[in-house]
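Numbering (our numbering), first residue to last: 195 to 241.
For glycine and all other residues, C-beta sits at the position ideal for the given N, C-alpha and C.
Small disclaimer: the values here were computed from a predicted structure and weren't measured.
To start, the structure under review is shown below, and the notes come after it.
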Amino acid sequence: KVAASCVWLASKLEESPRKAKYIFLVFHRMEYRRENRPIEYFDLSSK
């Protein structure tokens with residue numbers, strides 16, 4: 195979680211900052227791969 199926050203903050207220094215949801219999706223996928231679980235796609239439109 196700390197790494198995702200650091201990447202998000204670092205991206206804000208760029209001329210074209212990334213949205214938080216894209217960074218969240220990448221780290222979500224990395225977590226699933228690290229645990230050798232099948233990747234479940236995260237639905238950003240759900241509440």
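Collapsing the DSSP output to three states places R228 in a helix.
Judged by DSSP secondary structure, S199 falls within the alpha helix (DSSP H) whose first and last residues are 196–205. Excluding sequence positions up to five before and after F218, its CB lies within less than 8 angstroms of the CB of A198, F236, all in the same chain and listed in chain order.
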